[in-house]
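Chains as they are written, first to last, in the working numbering: chain A, 1 to 296; chain B, 297 to 563.
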């Protein structure tokens, strides 16, 4: 196998794992865009969703039914969060809302494990991890399926936000909350929709990451993988999350393969954060972040 | 529904921010059906706070109505959510326009129709484009790139999309060239005459506002200090001296008043 096809294989592997990062980052970006709040509980929502899905599977539900039931649970959770956490805090500082999401993450982690137990569970989505050959490039079938799922989700979400009445209202809220309220957009409803969408993303992320890592407490840590993605792409840009996820995925794999041997390997785990720090120094808003449209 | 009573009545409201800053101190005013009422006053007198109190926007700024009531069409509205008012036909055009900068003009307008369930949004869009042809030319542009006057038109157009019976217009002249200000006020007058819309207009620019309004209130430090028909207010020597920027030295009876006040308003 030539050098170039090996390079391609690394790049493709990076792109596929990058999609998984994008998936987690998207949940953060959605909520940040609509309410300016960094949702510390996104990782806990991933765990909650994955545990709920596995729990329903254990009750003997078929996979599609377990998926729908978990989705319903995540939507109900979004409405409950809006009613009990967000609504009483309207008009408060963003920092206070951020603190509330920390509390929420602690609650969700405890609540999920209280209902479904704390033991580590495997999750078999029925997708084999056999490699397939594309030309002479080796690709993991599972990674490919996860990437396709994530891509479908991203496309569906962008269509929803670009072309529906509710999506338009959501972009209006992101632009100017008060003006959107005055125009007749109920903030509580929009927040419930946003948190519901973030819950949907958490469910898909929980499935693909859970199948990879096992469904366990450590799933909350996949949220950490989203941090460099958001710093690189900008906290309020969906396009940024997509591009940055891919960039991070590819660059960490390339760094591991081509720079790793010089420093004894293990680059993959810290390279994204180093990249994020570099971006913070050069372009603090991220590649796509906070590009305000304004006349000067 | 009360057919006779005023469309909007504000009855002795007090508004406090953060539980300590009292901004409105027992403000009372009424707006009759089909009227154009001007709310005049200097910076900080409480015009915008009055508008936000009616539109229920105070809660998100840690303000609240601590006394008094606000009635719209015979019903108390001060306990509703801000987004409920659009459906009842009461729209606010906020000070500083507040368009959605990343949305196109047409999307801005469509958001204005969010609360409507009837399918006639396209007709309302045509109506807005008829009153503001410039918006039609620019409908696919991001609103943040429009000029100040066009953004004001977009903000008013967005309010129209909810098919309001009453529009609260907060400082529409702000930062606009005089000709544009006239253009906006002429359109307000047309909407009032042709569509029967009622206006409450908060303006620092008293001379323009009183030319188009039917009735006016002058507020200072959160209270109404003078009210009357627009023509009477415009002829009032004290108001001429303090708010219309006319030289009061020739108008003997107002000289003491103006000597005290002029430096504050007209520096």
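C-beta atoms are modelled at their ideal positions from N, C-alpha and C, and glycine is treated no differently.
Restricted to the region 349-431 of chain B, the beta strand (DSSP E) segments that are unbroken, complete and at least 3 residues in length are 359-368, 386-389, listed in chain order. The residues 513, in chain order, have a CB closer than 6 Å to that of residue 523(B) in the same chain once the five nearest residues on each side in sequence are set aside. For residue 406(B), the closest Cβ of chain A is nearer than 8 Å.
Cα atoms of residue 450(B) and residue 155(A): separation of roughly 30 Å, rounded to the nearest angstrom.
The C-beta separation of residue 32(A) from residue 236(A) comes to about 6 Å, placing the pair in contact by the 8 Å criterion. Inclusion of residue 411(B) and residue 458(B) in the CB contact set at 8 Å is warranted, their separation being smaller than that value.
Our two residues, residue 398(B) and residue 29(A), have alpha carbons roughly 17 Å apart in a direct line. By the Cβ rule, the region 255-266 of chain A does not count as touching the region 300-318 of chain B, because fewer than three pairs are nearer than 8 Å. When C-beta distances to chain A are compared with 9 Å, the residues of the region 390-415 of chain B below that value are 390, 393, 394, 395, 396, 397, 398, 399, 403, 404, 406, 407, 408, 409, 410, 411, 412, in chain order.
The beta-carbon of residue 358(B) is placed less than 8 Å from the nearest beta-carbon of chain A. For the region 134-166 of chain A, the set of residues with a beta-carbon nearer than 8 Å to any beta-carbon of chain B comprises 165, in chain order. Legend: CB atoms of the region 77-108 of chain A lying less than 7 Å from CB atoms of chain B belong to residues 90, 91.
Using a CB distance below 8 Å, no part of the region 22-45 of chain A faces chain B. At least one C-beta of chain A is nearer than 8 Å to the C-beta of residue 382(B). Neighbours of residue 176(A) in chain B, taken as residues whose beta carbon is under 7 Å from its own, are 394, 396 in chain order.
Residue 396(B) is positioned such that its CB atom lies no closer than 8 Å to that of residue 34(A).
According to DSSP, residue pairing for residue 312(B) in a beta bridge involves 318(B), 360(B). Taking a Cβ-Cβ cut-off of 9 Å, the neighbours of residue 377(B) in chain A comprise 181, 186, 187, 188, given in sequence order. Under the 10 Å beta carbon count, residue 369(B) is surrounded by 16 or more other beta carbons and is classified as buried. Taking C-beta atoms as the reference points, residue 519(B) and residue 323(B) count as a pair closer than 8 Å. Beyond the five residues adjoining it in sequence on each side, residue 480(B) comes within less than 8 Å, by CB distance, of 445, 448, 449, 452, 468, 469, 472 in the same chain, given in chain order. For residue 80(A), the closest alpha carbon among the candidates 104(A), 94(A), 57(A) is that of 104(A). Where residue 133(A) is concerned, the enclosing beta strand (DSSP E) starts and stops at 131-134.
Among the CB atoms of chain A, one or more fall inside 8 Å of the CB of residue 355(B). The C-beta distance from residue 41(A) to residue 101(A) rounds to 5 Å, short enough to meet the 8 Å contact threshold. In the three-state scheme derived from DSSP, where H, G and I count as helix and E and B as strand, residue 462(B) is classed as strand. Under the Cβ criterion (8 Å, minimum of three pairs), the region 137-150 of chain A counts as touching the region 202-215 of chain A.
At a cut-off of 8 Å, the C-beta of residue 426(B) has no neighbouring C-beta in chain A.
In its chain, beyond the 5 residues on either side, 43, 44, 46, 47, 105, 109 have a beta carbon closer than 8 Å to the beta carbon of residue 220(A).
Here residue 220(A) carries a helix assignment [DSSP, helix/strand/coil]. Residue 181(A) counts as buried, since no fewer than 16 other beta carbons sit within 10 angstroms of its beta carbon. The three-state reading of DSSP puts residue 281(A) in helix, counting H, G and I together.
Annotation for residue 497(B): the continuous beta strand (DSSP E) segment containing it runs 494-499. Residue 488(B) counts as buried, since at least 16 other C-beta atoms from the protein chains shown sit within 10 angstroms of its C-beta. Ranking 37(A), 36(A), 27(A) by CA distance to the CA of residue 49(A) puts 27(A) first. Taking 8 Å as the CB threshold, residue 121(A) stays off the interface with chain B.
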